[in-house]
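Counting from 1 along the sequence shown, just add 9 to a position and that's the residue number in my numbering.
As structure tokens, the structure follows; a few thoughts come after it.
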Amino acid sequence: MDNRPIGFFDSGLGGLTSIPPMMKKLPNEKIIYFGDTARTPYGSKAVSTIKSFAKQIADFLVKQDVKMIVIACNTVSSTCLDDLEKAYPDIPIVGIIQPAADKVVKSCSEDSQVGIIGTKVTISTHAYSGSIKKLAPEMNVFETACPAFVPLIEEGIIANDIMDLTIHHYMDDFVWENRIDTLVLGCTHYPLIRSNIERIYPDIKIINPSEEIIKTIDDILTEKDMHSGESVIKNVFYASDLSENFINMIDTIMKGSGVDANVKFKNLEIGSI
Ligand code: DGL
């Protein structure tokens, strides 16, 4: 048994979409979340910049004595997982790409037309198509970047025509030309526009990596005998810019899930990380 918290991080509020499924499946686990809201989005930045941000945040989480680091960000997982594993060989580091790739391979056939949407960086690494094709070389996988989704979501522009038009702009040709029947939301922000996507493309099956990662976390905790017992520690959500948007979004995500988050919020200036 290990009652220390699990550290989650993302470029902003996207990684919060893993928190309700995590709390439902593993209610005793405590969470320290870091959203780098002051520097979001990461998905169009240079890989060297993303690597230095990720290392800085992981160092911070390690100082908080987390028992595991969950990279709740596809952009960071696709570029920094190996580096972070090397930097912290004694702490399990969980990336979000492999659990979702496993799910695609388990739930699709070789006739499936699988679409991956993500940030420019995630798509440019081909991390999803590479991981899927390693397991199922014949599977048809298509990838496209949707770079305006994250800034709009961070601004709370979700349930309206602007978001719908942006989805049509990036995805209509991609979906029709490639006859996509399965879509991976390859950015942790995208579950927040899942209902828009489902309404616009009602026949497409959605795979949500923010949920798929929870099983991997549970498996590692079981394997290493690191599950928490009951404890009164609060979940803490840090942001490098503790904006109203961030707090409102935690509220919306938690309320929608029916989970009592028992949270504390903290602003953390980047210089102090
Ligand atoms: N939520 C992130 C991801 O999963 C990052 C998005 C961004 O900052 O561009 O890729």
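Note that CB positions come from ideal geometry on N, CA and C, so glycine has one too.
Everything numeric in this text was worked out from a predicted model, so none of it was measured.
Practice item. Answer yes or no: do E38 and L194 have a C-beta to C-beta separation smaller than 9 Å? Key: Against a cut-off of 9 Å, the Cβ pair of L194 and E38 comes out as no contact.
Practice item. Classify T26 as buried or exposed, calling it buried when 16 or more other Cβ atoms lie within 10 Å of its own Cβ. Key: Looking at its Cβ environment, which holds 16 or more other Cβ atoms inside 10 Å, T26 is buried.
**Study point:** For H284, the nearest candidate out of D228, I242 and K243 (CA to CA)
**Key:** The structure shown has nothing for residue 284, since the chain only spans 10 to 282.
Exercise for review: Tell me whether G238 is buried or exposed, calling it buried when 16 or more other Cβ atoms sit within 10 Å of its Cβ.
Suggested key: Within 10 angstroms of the beta-carbon of G238 lie fewer than 16 other beta-carbons, which makes it exposed.
Check your understanding: Taking DSSP as the reference, what is the three-state secondary structure of G21?
Key -> If DSSP states are grouped into helix, strand and coil, G21 belongs with coil.
Practice item. With a 10 Å radius around its C-beta and 16 neighbouring C-beta atoms as the bar for buried, classify Q73 as buried or exposed. Key: Exposed is the label assigned to Q73, since fewer than 16 other Cβ atoms lie within 10 Å of its Cβ.
Practice item. Classify E186 as helix, strand or coil using the three-state DSSP reduction. Key: Residue state, collapsed to three classes: helix.
Check your understanding: Hey, is Y51 close to ligand 3, as in C-beta under 8 Å from one of its heavy atoms?
Key -> Absence of ligand 3 from the depicted structure is noted, with ligand 1 being the only ligands included.
Exercise for review: For the stretch 94–173, list the beta strand (DSSP E) runs that are entirely contained and at least 3 residues long, ordered along the chain.
Suggested key: As far as the stretch 94–173 is concerned, its whole beta strand (DSSP E) runs of at least 3 residues are 122–127 and 149–154.
Point to revise | Distance between beta carbons of A109 and I216, contact taken as under 8 Å | key: The beta-carbon distance between I216 and A109, rounded to whole angstroms, is 6 Å. This is short enough to meet the 8 Å contact definition.
Check your understanding: Got a sec, what are the start and stop residues for the beta strand (DSSP E) M10 sits in?
Key -> Where M10 is concerned, there is no enclosing beta strand (DSSP E), given that its DSSP letter is neither H nor E.
Exercise for review: Pick helix, strand or coil for N37, following the three-state DSSP scheme.
Suggested key: Of the three classes helix, strand and coil, the one that applies to N37 here is coil, per DSSP.
Practice item. Use the C-beta contact count for H198: other C-beta atoms within 10 angstroms, 16 or more gives buried, fewer gives exposed. Key: H198 is buried by the Cβ-count criterion.
Review point. Do you know how far the Cα of N12 is from the Cα of S240?
Key: Each residue's Cα considered, the two are about 7 Å apart.
Practice item. Determine which residues share a DSSP beta bridge with L90 and list them. Key: Bridge partners of L90: none, in fact.
Review point. With 16 other CB atoms within 10 Å as the buried threshold, where does T128 fall?
Key: Classification for T128: buried.
Exercise for review: Would you check if the stretch 63–80 and the stretch 111–125 touch, i.e. whether three or more CB-CB distances between them fall below 8 Å?
Suggested key: Segments in contact, no.
Review point. Given that a residue counts as buried once 16 or more other Cβ atoms are within 10 Å of its Cβ, and exposed if not, what is T46?
Key: Buried is the call here.
Point to revise | Neighbourhood of T175 by C-beta distance below 7 Å, restricted to the same chain and skipping five residues each side | key: Result list for T175: A157, F158 and L161, in chain order.
**Study point:** Residues bridged to N83 [DSSP beta-bridge criterion]
**Key:** DSSP output for N83 lists no bridge partner at all.
Review point. With 16 as the cutoff for other CB atoms within 10 Å, does G139 come out buried or exposed?
Key: Within 10 angstroms of the beta-carbon of G139 lie fewer than 16 other beta-carbons, which makes it exposed.
Review point. By the 10 Å Cβ neighbour count, where 16 or more other Cβ atoms means buried, how is I106 classified, buried or exposed?
Key: With 16 or more Cβ atoms within 10 Å of its Cβ, I106 is classed as buried.
Point to revise | Pairwise C-alpha distance: F17 and F43 | key: Their Cα atoms are separated by approximately 6 Å.
Practice item. Classify D19 as buried or exposed, calling it buried when 16 or more other Cβ atoms lie within 10 Å of its own Cβ. Key: With 16 or more Cβ atoms within 10 Å of its Cβ, D19 is classed as buried.
Practice item. Have a look at the DSSP bridge pairing and note the partners of N276. Key: Its beta-bridge partners are A248.
**Study point:** Completely contained beta strand (DSSP E) runs for the stretch 48–74, where each covers 3 or more residues
**Key:** Whole beta strand (DSSP E) segments, 3+ residues: zero.
Check your understanding: From what residue to what residue does the alpha helix (DSSP H) around L230 run?
Key -> Unbroken alpha helix (DSSP H) run through L230: P218 to E232.
Exercise for review: Assess, as a yes-or-no matter, whether the stretch 79–87 is touched by the stretch 113–122 under the definition of 3 or more beta carbon pairs within less than 8 Å.
Suggested key: A contact is defined here as three or more CB-CB pairs under 8 Å, and the stretch 113–122 fails this definition with respect to the stretch 79–87.
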